[in-house]
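*Asks:* Take this structure, written in structure tokens, and hold onto it; I'll ask about it next.
2 protein chains.
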Amino acid sequence: MSIGDYIRLDHGSGGKLSHRLIEEIFLPHFLNDSLKKLDDSAVLKIDNKKFAFTTDSYVIDPIFFPGGSIGKLSICGTINDLSMSGAVPIYISAGFIIEEGFDLGKLEEIVISMKETADEAGVEIVTGDTKIVPYGNADKIFINTAGIGIIPDGVDISSQNAKPGDKILINGFLGDHGIAVISQREGLDFQTEIKSDVAPLNSIIRILIESEIEIHTLRDPTRGGLATSLNEIADKSNMGIIINEIELPFRKEVIGACELLGFDPLYIANEGKFIAFIPEKDSERALNIVKNQKYGENARIIGEVVNDFKKKVILKTKIGGRRIVDMLTGEQLPRIC
Amino acid sequence: MSIGDYIRLDHGSGGKLSHRLIEEIFLPHFLNDSLKKLDDSAVLKIDNKKFAFTTDSYVIDPIFFPGGSIGKLSICGTINDLSMSGAVPIYISAGFIIEEGFDLGKLEEIVISMKETADEAGVEIVTGDTKIVPYGNADKIFINTAGIGIIPDGVDISSQNAKPGDKILINGFLGDHGIAVISQREGLDFQTEIKSDVAPLNSIIRILIESEIEIHTLRDPTRGGLATSLNEIADKSNMGIIINEIELPFRKEVIGACELLGFDPLYIANEGKFIAFIPEKDSERALNIVKNQKYGENARIIGEVVNDFKKKVILKTKIGGRRIVDMLTGEQLPRIC
């Protein structure tokens, strides 16, 4: 697939063309050790102390959706990116780009949801910026957050660190965020409302680390879904990954919506989920810990890392077959986060 | 002036309505010590080490202008915000929001200008994010940068710290950025091209600090111009400020453009200027140091802090009169940064 001459929606999908954009336009110029790893956060050393630093812009449409808002999402997303490096998030910045004519009441609702989420997660919003653009120059509101976290001594978590035999743990149902947002956007009316899973994951990760669970890799499967995150890890760790279809946790409403809309649920975005790669010796204990935490009740082990199938993700189907799960090609859902 | 029910361009001017927006919508919810100070950076303590953390979104139109681009601006702006707390900038994040259809060659030009500016200033771009929105949902490209800097021991610079007798130093001509951008946008053709002053100021600030110049307050007069920055400092330090019209450094082309366009040059944005509040004992030495630096050749002392006229900025006119210089009311130039 050629990168082309113009930006296409696919360039922001989180999938193949996103990676091409990063590898062909950004990396050749910005090249440094932190960026090269392409983890969710940069891991930085200042005076021998390890920090995580990350940023994300949020352009989700609609800005209010079942289970959350662009405000809640903008805090959770950055907290989760920091947490995926094992960091304890502490400080967050917030940059607003707002379209002329935007309702100030809605802005306040968004601000309140940011504050509530920050309070729940124990982080502080310490610096900010607001730009207003003329009507029609942006769609309602975009929010950027950046975050700083402290990485505890001894923690070394990276998408390059998955090892053969690692079990893959997920903390609950997949695909809720993407389906909740697209349903709201398209005005689809399912019998049971599907809510976004958007949630801060720092507390659950912190407890795993404090319980001395050995964690090799953490990732939040957002844009591009589970399939894309697993492919990134298989690629960077130079390992194979096998997942068991029968273990994958999907709500039947999400499966139903995906069938209706023609989506593959493996590629649907999540905003309150992580996958953890944990050596077998610690995996059952980790599962029990996660199951006892908020946002972890439906955790399970969905697969493992193998030495074969280097850089590939294999799905063992319910009927015993095997198929390769590729990275997302093309944009499934624009403005999903 | 009422804040109103809807976002207006004035809310992003950097002037009075911007302050109302911050004070009535953001501060009541996000309230914490760092935000309350409303400095350009938050000053944070981790393990007794002081850090500065800041963010800015850049929505400038046009994205290429005489003297720079949105890319160069996005790095300078954040470096300068960090520098205004006395911090040595070290790490920068970059978040891109790009409109579908945007030219990839232009994107690469922007990326290159970011890298060149970061290299000049000795900072690293360590983490990033790219979101693509459908055609018409944003105008070309918006960039957010956040930055982290280290504040040397003993440095305590804040807009609350201006003291009576402080001399006010500026490092060169005022208004170049705003006039360069508006000229390009409106297709105005002046005899001499006015170039934006966009530049990283960290090196010049670092040399002042290393030379043990006592600095009470630093500010980069961006949106809202010199008048707005001085008003903020007068207000937060609870002091009066007197500036001498005859000392204000303006290029005659900028004055000419302002007359033509009906702008007051005191409110025009700069992107490579700082004002430093320095006790008289150090002020002449500081001036000499700055004059010997890149981006400081045209430095001069433009005024001083007084005990009278609390929270007011007074302009001594060329003919010996005095007038109050208020904060900007209304939006002079949308999308200037």
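Chains as they are written, first to last, in numbering that gives the first Met the number 0: chain F, 0 to 336; chain D, 0 to 336.
All C-beta atoms in this analysis are idealised placements derived from N, C-alpha and C, irrespective of residue type, glycine included.
Cβ of A137 (chain D) less than 8 Å from any chain F Cβ?
*Replies:* So yes, A137 (chain D) belongs to the interface.
*Asks:* Can you list the beta strand (DSSP E) stretches of 3 or more residues lying completely in the stretch 253-336 of chain F, in chain order?
*Replies:* Runs of the beta strand (DSSP E) inside the stretch 253-336 of chain F: 274-277, 299-305, 312-315, 321-323.
*Asks:* Can you tell me whether D55 (chain F) is helix, strand or coil according to DSSP?
*Replies:* Strand.
*Asks:* Identify whether A117 (chain D) lies in helix, strand or coil by the three-state DSSP scheme.
*Replies:* Residue state, collapsed to three classes: helix.
*Asks:* Could you check which residue in F:K293, F:G153, F:I78 has the C-alpha nearest to that of D219 (chain F)?
*Replies:* When each option's Cα is compared against that of D219 (chain F), the closest is F:I78.
*Asks:* Who are the near neighbours of G255 (chain D) in its chain, counting only those whose CB is closer than 8 Å to its CB and skipping five residues on each side?
*Replies:* Taken in chain order, the residues that qualify are F189.
*Asks:* Quick one: what's got a C-beta closer than 8 Å to Y57 (chain D)'s C-beta in the same chain, skipping five residues either side?
*Replies:* Here the set comprises I69, L72, S73, G76, F141, I142, N143, T144, C336.
*Asks:* Assuming E192 (chain D) and P65 (chain D) form a contact by the criterion Cβ under 8 Å, report the distance between their Cβ atoms to the nearest whole angstrom.
*Replies:* That belief holds up - the Cβ atoms of E192 (chain D) and P65 (chain D) are roughly 5 Å apart, short of 8 Å.
*Asks:* From the beta carbon of I69 (chain D), is the nearest beta carbon of chain F less than 8 Å away?
*Replies:* It does not: the Cβ of I69 (chain D) has no partner Cβ on chain F nearer than 8 Å.
*Asks:* Assess, as a yes-or-no matter, whether the stretch 120-136 of chain F is touched by the stretch 17-28 of chain D under the definition of 3 or more beta carbon pairs within less than 8 Å.
*Replies:* Taking 8 Å as the limit for Cβ pairs, the verdict is that the stretch 120-136 of chain F does touch the stretch 17-28 of chain D.
*Asks:* Between R334 (chain F) and chain D, is there a C-beta pair that is closer than 8 Å?
*Replies:* It does; some Cβ of chain D falls within 8 Å.
*Asks:* Leaving out five residues before and five after S101 (chain D) in sequence, what residues of the same chain have Cβ atoms less than 8 Å from its Cβ?
*Replies:* The residue you asked about is not Ser; residue 101 (chain D) is Phe in the sequence shown. So the qualifying residues of the chain are K139, I140.
*Asks:* Use the C-beta contact count for S210 (chain D): other C-beta atoms within 10 angstroms, 16 or more gives buried, fewer gives exposed.
*Replies:* S210 (chain D) should be labelled exposed.
*Asks:* Is it right to say G261 (chain D) is buried, meaning 16 or more other beta carbons lie within 10 angstroms of its own, or is it exposed?
*Replies:* Exposed, by the Cβ-count rule.
*Asks:* From the DSSP secondary-structure annotation, give me the bridge partner or partners of L43 (chain F).
*Replies:* Answer is F:F50, bridged to L43 (chain F).
*Asks:* What in chain D is Cβ-close to K166 (chain F), meaning under 9 Å?
*Replies:* Going along chain D, no residue has its Cβ under 9 Å from K166 (chain F), so there is no contact; the nearest lies around 29 Å.
*Asks:* Within the stretch 174-214 of chain F, note down every full alpha helix (DSSP H) run reaching 4 residues or more, in order along the chain.
*Replies:* Segments of the alpha helix (DSSP H) lying fully in the stretch 174-214 of chain F: 175-185, 201-209.
*Asks:* Under 8 Å: do the stretch 154-165 of chain F and the stretch 231-246 of chain F share three or more Cβ pairs, one atom per stretch?
*Replies:* They touch, by the three-pair rule.
*Asks:* What do you reckon, are the CB atoms on I147 (chain D) and I147 (chain F) nearer than 8 Å?
*Replies:* Yes, they are a contact pair.
*Asks:* By DSSP, does A145 (chain D) sit in helix, in strand, or in coil?
*Replies:* A145 (chain D): strand per DSSP, three-state reduction.
*Asks:* By alpha-carbon positions, which one of D:D80, D:E246, D:G295 ends up nearest to I337 (chain D)?
*Replies:* Because chain D is modelled from 0 through 336, residue 337 (chain D) falls outside the range shown and cannot be assessed.
*Asks:* Applying a beta-carbon distance threshold of less than 7 Å, which residues of chain D neighbour V58 (chain F)?
*Replies:* Residues of chain D passing the Cβ test: I96, K130, V132.
*Asks:* Three or more C-beta pairs closer than 8 Å, one from the stretch 103-120 of chain F and one from the stretch 48-57 of chain F: is that the case here?
*Replies:* Counting Cβ pairs under 8 Å, fewer than three are found: no touch.
*Asks:* Going along chain F, which residues have a C-beta under 7 Å from G11 (chain D)?
*Replies:* Within chain F, the residues near G11 (chain D) are T129, K130, I131.
*Asks:* In three-state terms, what does DSSP make of N243 (chain F)?
*Replies:* Strand.
*Asks:* If you measure between the beta carbons of K272 (chain D) and N170 (chain D), is that distance less than 8 Å?
*Replies:* Yes, these two residues count as a Cβ contact at 8 Å.
*Asks:* Interface residues of chain F around G3 (chain D) at Cβ under 9 Å?
*Replies:* Near G3 (chain D) (Cβ distances below 9 Å), the residues of chain F are L103.
*Asks:* Considering only the alpha carbon of each residue, which of D:T227, D:L81, D:I24, D:F95 lies closest to G13 (chain D)?
*Replies:* The shortest C-alpha separation from G13 (chain D) is found at D:T227.
*Asks:* L34 (chain F) versus chain D: which residues are under 8 Å apart at the beta carbon?
*Replies:* Per Cβ cutoff of 8 Å: I124, V125, T126, G127.
*Asks:* Does the distance from the CB of D165 (chain D) to the CB of V304 (chain D) come in under 8 Å?
*Replies:* Yes. Within cutoff.
*Asks:* Going by CA-CA distance only, name the one from F:L26, F:D196, F:I242 that's closest to G295 (chain F).
*Replies:* Closest by alpha carbon: F:D196.
*Asks:* In whole angstroms, what separates the C-alpha of V324 (chain F) from that of V312 (chain F)?
*Replies:* Approximately 5 Å, taken between the alpha carbons.
*Asks:* Looking at L200 (chain D): is its Cβ nearer than 8 Å to the Cβ of S82 (chain D)?
*Replies:* Result yes, Cβ atoms of L200 (chain D) and S82 (chain D) sit closer than 8 Å.
*Asks:* Any C-beta of chain D sitting closer than 8 Å to the C-beta of E231 (chain F)?
*Replies:* No - not a single Cβ of chain D is within 8 Å of the one on E231 (chain F).
*Asks:* Hey, is R205 (chain F)'s beta-carbon within less than 8 Å of any beta-carbon in chain D?
*Replies:* Closer than 8 Å: no.
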